[in-house]
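For reference, the structure discussed in these notes is given below.
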Amino acid sequence: MSTPSIGSLEILAEGDSPYFPVDPDGFRAWVRDNKDRSLRSKLMSEKDAVERLVGDGDYLTYDCNYLMRGPNSLLHEVIRQKKKDLWIAGKFTYVDVALLVGAGCVSKVDCGFFIAAAPVQKAVRDGRLEVFEYSNVVMTARLQAGAMGLPFASVRSFGGTDGFMNSGAKLIRDPYTNKPITVVPALNPDVSVIHVNQADIYGNARVFGTGIAHEECALASRKVIVSAEEIVDTEEIRRDPGRTSIPYYAVDAVVESPFGGFPGACPGDYGSDTAGVMEIFGAISTDNVDAYVEKWITPFDEHSEMLEKGVGIKRLLEMKRREVVKEGYSA
Amino acid sequence: MSTPSIGSLEILAEGDSPYFPVDPDGFRAWVRDNKDRSLRSKLMSEKDAVERLVGDGDYLTYDCNYLMRGPNSLLHEVIRQKKKDLWIAGKFTYVDVALLVGAGCVSKVDCGFFIAAAPVQKAVRDGRLEVFEYSNVVMTARLQAGAMGLPFASVRSFGGTDGFMNSGAKLIRDPYTNKPITVVPALNPDVSVIHVNQADIYGNARVFGTGIAHEECALASRKVIVSAEEIVDTEEIRRDPGRTSIPYYAVDAVVESPFGGFPGACPGDYGSDTAGVMEIFGAISTDNVDAYVEKWITPFDEHSEMLEKGVGIKRLLEMKRREVVKEGYSA
Amino acid sequence: MIRAEAFSEREVAMCIVARMVEPGRTYWAAGGGTPLYSILLGKKLYAADAQYITEDGVIAPEPMLPFEPMMTMVASRAGYRALSWGTMNTVGIHSQLGFMDYGVLNTLQVDQHGNINSTVLGEYGSDTARRFGGPGGADTIAACCWRTILITDQEKRKFVRQVDFISSPGFLDGTLGARERAGLPSDTGPWRVVTPWAVYDYLDRKLRLLARVPWVTVEEILEECEWKPLVADEVEVLEPPTEEELEILRTELDVRGQTTDASGSWITWDGERYVK
Amino acid sequence: MIRAEAFSEREVAMCIVARMVEPGRTYWAAGGGTPLYSILLGKKLYAADAQYITEDGVIAPEPMLPFEPMMTMVASRAGYRALSWGTMNTVGIHSQLGFMDYGVLNTLQVDQHGNINSTVLGEYGSDTARRFGGPGGADTIAACCWRTILITDQEKRKFVRQVDFISSPGFLDGTLGARERAGLPSDTGPWRVVTPWAVYDYLDRKLRLLARVPWVTVEEILEECEWKPLVADEVEVLEPPTEEELEILRTELDVRGQTTDASGSWITWDGERYVK
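Chains as they are written, first to last, in the numbering used here: chain A, 1 to 331; chain B, 1001 to 1331; chain C, 2001 to 2276; chain D, 3001 to 3276.
Structure (structure tokens):
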């Protein structure tokens, strides 16, 4: 038995690019069957977390970026484990896309903004990388819709651009104003990797300072790995519930990762390692991602070993020293 | 020149009730022309704020309710000034609707939940009050869409109910899943009255603890009156920007209103005055709103005078004493 | 566990629901009162790791009991030591995402398909209609939680063939896929109805009597339904409340008896059996 | 104010934009670099009460200067002493609501209707096309801020009749109501284009030369446009940067010269006139 239609809304325009499939009911079923609502420790190593939760061909979202509270220990592990054919959200991001593409992990990217350095240029020209066009805010709006369990987001931007025509957007006539409004497909990534200032073993996570879309990524994604500068006791979380940015039941793995954002900064905890930042920019600009990976990632079993043998306490303490702002970065 | 349609979306069902007009572009123009983006003191008396910003016939939203962080000093002033023909959002609310209806201020209410006490029963029966049907979450979703500058909200609830048929909702076919999805009209109230724990003179406001939709109400409304338990220095706001719940440019008036939630509680600051709470319940249950208004509102020029002459320091200190929870209620 | 010898009907319903509470599941408690007390009782005795969320976005609190009169939502004691604090959209969204296993609510009127009326008795819009408060959060609970546990009284006027007004969705007209056709999430819907006398589930989206308390017969129960619901082949007989359950309800949860007193009639043990 | 005697072209552009900054207006600064430095310079000298917001939801900060290299967004120094901290959706939503008066951004390519290209040079999808970073926040700025100030270089390849790809919307095809037909908010759109040589506005949604710096002629400017834009009847001559402006730019804002050095060519005073 199907419902008869009593009217219709015009579709005025639509983009012609593939978009990650939209399935709110399927996402709900995944949540029901896979998200643990009990208070169980999800603490594990970055190796185990990435092995278990990042699959070849997954749609992967990282929040913030390699320079700022980036989940760099997890991104390095993704490269270390040679994950393949990822579809990533290139929103609000500088070197990340070029690094992951250069490392051979990515075959599709939804574009908000990223540095289209040599590895990206080459991959696009060789047909190894498909790029679909959005914008930073449109991408976060898509994630927000995914994080609300809805099939689409409405936005007042994006219409009329060539990006629109090379995306999954549609221009429809709004039934309440009879004016055109742009809708874009909700985004529910397979997996998100997010670095936070503090988390407890269950996944209750705190981000201090500003951010891009950490809460949206966590709620919208089927699998969520949170890496934290420090693991705090749940008693501390309960002391100030208003500071919890991500609730435990959205999180599948918690990785303790001090200096997890190296070489980038983690606001409130440490500033960036300038040499390290220059090095990654150099690597992508000169198309030397392999050398970067061979120097900073593959020689080490895990991030902590890289910090120990590749960075050293002197540079880490200097990063700490460079973070002079503390106001607002604590509960 | 109009755009040709390239397809259409079915409308499968729609409610047949009037809804507050939807006009995102008109709201934007209002913001541009009326919201002050400079750092100017908006501190004023509850009398001036309500005189200037609440008009007869306005759509008015209050956040939280008369029992919990209610903007009661402002609601009392609305009654004192005999505002008429208001259309109110009866979401997550107990005695508020009966009080405002009983005081003769209201002619329309969008229903989420409220105690349908004698004054409401009578007003409905006498045709003095129109009720349109939604739910608490659907009402906050409508406010959220209004607070995002969008014409409608999508929800996975509400479909199939008789409320839906007596609302402004529509069931449309989602273009991404081809499944039915309910959309409801965005809500941009003429005015919102919101009580907060702290605010500065510009309107940067902090709500501690949980809430209903204070941020949505503030961003969605053309005129916003914030009453605060205490006015804090802007230096204090800047010390912890992550604690700001409402940004100054959304706010049109700031009213200093200690014990502004009397007789209700203001979590973190004071508990409720049990006698006062029983009294309002009694007044609406026994259809004695007039007596309540004549005892608690009309004899006084303002809330502070009511506290001084009608309540007294002993009861206020007892309310303070009853708030034993402080954790999480400070920056 | 010692069987109690005197308790109110409302206490019976709360004890029945408390025994349904499972560890590691999330519960959206509608408002305060019986739903919240039932969940808290279940957590204390049967499933400490059950977690609940309230309409104001409190996630997994360790509330400071007892609550103040009429002060359960947005109250500092109710949200005490939560894992997260949000707003109404928090719970609306999390339930929409499928994070809420169970919704527990009570209502004015329920029908054979589990549709819930909390809006009006009589014909909507007519002069004789009696207005009620509306769905509140129940509409979203009934739409978006995976399973709904409905608490109500076993009275003919509340147990009707068809509700006067669908405030919150059950199986709607009872046809297969009716909820999905209305845009509601798939695989959701009413799961149990609990009264002081009985427990019901659904067979093919129709209410079915599943269990009864020892002091009422199936016939007495059916007497208090406007229509004859399905009846399970084996109607299980429920255990009465235990002293332990009542002790917690009366001394820790509902110390003022606001909820437990709400329903007047009591059940007592006369030495041989329970009598109304 | 003393006229400066040596400065870079990029510095000229920033000083021009800084003088446009008005008190009591809100600015969305795209990324860091010239837009943010222009606004900060304007706040310091001409409009202390101008407020700005960044893409990560920082509202009205009092930043700790100077910024670290490439660390303007989400950086603790950049968000220091803000009135509020949010996320990307904060600024997206506030601009959608009409709270952002001006958007300031720079770009790769602009056309006669103010459309912005930051995605590709050459035919999109072709083998010869050169890929760029995409719109970032510029698409939302250009769509939702009331007025857009675009900073770019005065070069033929950047000043084109029609951009290769519309990443961020100007007046689209230039017809009346084209933006509204595309679902964009009404009464919005490009307002000024600023280059180191000139300032443009729009007449009937077409770019119009409004003002020039003393050391270039209208003819030289038009030479660096792929097509001939409209020219105001009176092309105003702009004041060169002042020592005061450059002092602040060089010693407080862009202390590492990252932005000011980005454009190589310098202007100097030879005693009689400014020369390139």
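Even glycine gets a Cβ: it sits at the ideal position worked out from N, Cα and C.
None of these values were measured; they are calculated from a predicted model.
Margin query: Which complete beta strand (DSSP E) runs does the region 3110-3184 of chain D hold, if anything under 3 residues is left out?
Written below: Listed in chain order, the complete beta strand (DSSP E) runs (minimum 3 residues) inside the region 3110-3184 of chain D are 3147-3151.
Checklist line | Cutoff 8 Å: Ala2030(C) Cβ touching any chain A Cβ | finding: no
Next item on the list: Just mark Asn1178(B) as buried or exposed, buried being the case when its beta carbon has 16 or more other beta carbons within 10 Å.
Entry: exposed
Check: Can you tell which of Gly1146(B), Tyr1270(B), Met1139(B) has the C-alpha that lies nearest to the C-alpha of Phe1164(B)?
Finding: If we check each option's Cα against that of Phe1164(B), Met1139(B) comes out closest.
Check: With a CB to CB cut of under 8 Å and the five nearest residues on each side skipped, what residues in its chain are close to Thr3072(D)?
Finding: Gly3031, Gly3032, Gly3033, Leu3036, Thr3054, Ala3078
Check: What residues in the region 1241-1264 of chain B bring their beta carbon closer than 7 Å to a beta carbon of chain D?
Finding: The residues in question are Pro1241, Gly1242, Thr1244, Pro1247, Tyr1248, Tyr1249.
Item checked: chain C contact residues for Gly1159(B), given Cβ-Cβ distances below 7 Å -> Ala2182, Gly2183, Leu2184
Next item on the list: Starting from Asp1025(B), find everything on chain D with Cβ-Cβ shorter than 7 Å and list it in chain order.
Entry: Pro3185, Ser3186
Notebook entry, point to check: Name the chain B residues whose beta carbon is nearer than 9 Å to that of Ser3076(D)?
Noted result: Chain B residues near Ser3076(D): none, gap ~11 Å exceeds 9 Å.
Note to self: I need the DSSP call for Val1311(B), collapsed to helix, strand or coil.
What the structure shows: helix
Note to self: With the cut-off set at 8 Å, would you say Pro151(A) and Ile1011(B) are in Cβ contact?
What the structure shows: Remark: C-beta atoms of Pro151(A) and Ile1011(B) do not approach each other more closely than 8 Å.
Next item on the list: Return helix, strand or coil for Met1001(B), following the three-state DSSP convention.
Entry: For Met1001(B), the predicted structure reports a pLDDT of 45, less than 50, and the residue's modelled location is therefore unreliable. The matter cannot be settled from this model.
Next item on the list: Starting from Cys2145(C), find everything on chain B with Cβ-Cβ shorter than 8 Å and list it in chain order.
Entry: Those do not exist, as Cys2145(C) stays about 10 Å from chain B at its closest Cβ, beyond 8 Å.
Next item on the list: Taking only the alpha-carbon atoms, compute the straight-line gap between Met1(A) and Ser1135(B) and give it to the nearest angstrom.
Entry: Only weak support is given to the placement of Met1(A): the predicted model assigns it a pLDDT of 45, under 50, and the value that follows is read from those uncertain coordinates. Cα-Cα distance, rounded: 28 Å.
Item checked: 8 Å Cβ cutoff, Asn2295(C) in contact with chain B -> This structure cannot settle anything about residue 2295(C), because the visible part of chain C is limited to 2001 through 2276.
Item checked: Cut-off 6 Å between Cβ atoms - residues of its own chain near Pro3214(D), not counting five sequence neighbours on either side -> Val3237, Tyr3274
Next item on the list: Determine the contact status of Asp1252(B) and Lys1042(B), defining contact as a CB-CB distance below 8 Å.
Entry: yes
Next item on the list: Check the DSSP bridge columns for Asn1971(C) and list the partner residues they point to.
Entry: Absent from the model: residue 1971(C). The displayed extent of chain C is 2001 to 2276, so no value can be given.
Check: In the region 2007-2027 of chain C, which residues sit with their C-beta less than 7 Å from some C-beta in chain A, listed in chain order?
Finding: Legend: CB atoms of the region 2007-2027 of chain C lying less than 7 Å from CB atoms of chain A belong to residues Pro2023, Gly2024, Arg2025, Thr2026.
Notebook entry, point to check: Do you know whose CA, among Phe262(A), Arg321(A), Val183(A), Val120(A), lies nearest Glu308(A)'s CA?
Noted result: Phe262(A)
Notebook entry, point to check: Taking DSSP as the reference, what is the three-state secondary structure of Glu236(A)?
Noted result: In the three-state reduction of the DSSP assignment, Glu236(A) falls in the helix class.
Check: Can we say the region 1112-1126 of chain B touches the region 1297-1308 of chain B, given the rule of at least three CB pairs closer than 8 Å?
Finding: no
Next item on the list: With 8 Å as the threshold, decide whether the Cβ of Phe2099(C) is near any Cβ in chain A.
Entry: Yes, contact with chain A.
Next item on the list: For Leu2207(C), write down the residues that DSSP places opposite it in a beta bridge.
Entry: Tyr2202(C)
Notebook entry, point to check: Got a sec, what are the start and stop residues for the beta strand (DSSP E) Leu9(A) sits in?
Noted result: 7-14
Notebook entry, point to check: Taking Cβ positions only, does Ile181(A) come closer than 8 Å to chain B?
Noted result: Closer than 8 Å to the CB of Ile181(A) there is at least one CB belonging to chain B.
Item checked: CB of Glu3011(D) within 8 Å of CB of Ala3047(D), strictly -> no
Next item on the list: Provide the residue span of the alpha helix (DSSP H) that contains Asp162(A), from first to last.
Entry: Per DSSP, Asp162(A) belongs to the alpha helix (DSSP H) from 162-165.
Notebook entry, point to check: At which residues does the beta strand (DSSP E) containing Glu230(A) begin and terminate?
Noted result: 223-231
Margin query: Are the CB atoms of Ile1212(B) and Phe1092(B) within a distance shorter than 8 Å?
Written below: yes
Checklist line | 8 Å contact criterion, which Val3218(D) and Leu3209(D) should meet: CB distance rounded | finding: Distance from Val3218(D) to Leu3209(D) at the Cβ level is roughly 7 Å; contact confirmed, criterion being Cβ atoms closer than 8 Å.
Next item on the list: Quick one: which unbroken alpha helix (DSSP H) runs of 4-plus residues sit fully inside the region 22-89 of chain A? Chain order, please.
Entry: 24-34, 46-53, 72-80
Check: Can the beta-carbon of Leu129(A) be found closer than 8 Å to that of Val101(A)?
Finding: Closer than 8 Å, so yes.
Notebook entry, point to check: DSSP on Lys1170(B), reduced to helix/strand/coil?
Noted result: DSSP places Lys1170(B) in strand when its eight states are reduced to three.
Notebook entry, point to check: Quick one: what's got a C-beta closer than 8 Å to Val3235(D)'s C-beta in the same chain, skipping five residues either side?
Noted result: Contacts found: Leu3209, Leu3210, Ala3211, Arg3212, Val3218.
Next item on the list: Mind listing the chain C neighbours of Leu1067(B)? Cutoff is C-beta to C-beta under 8 Å, in chain order.
Entry: Met2070, Met2071
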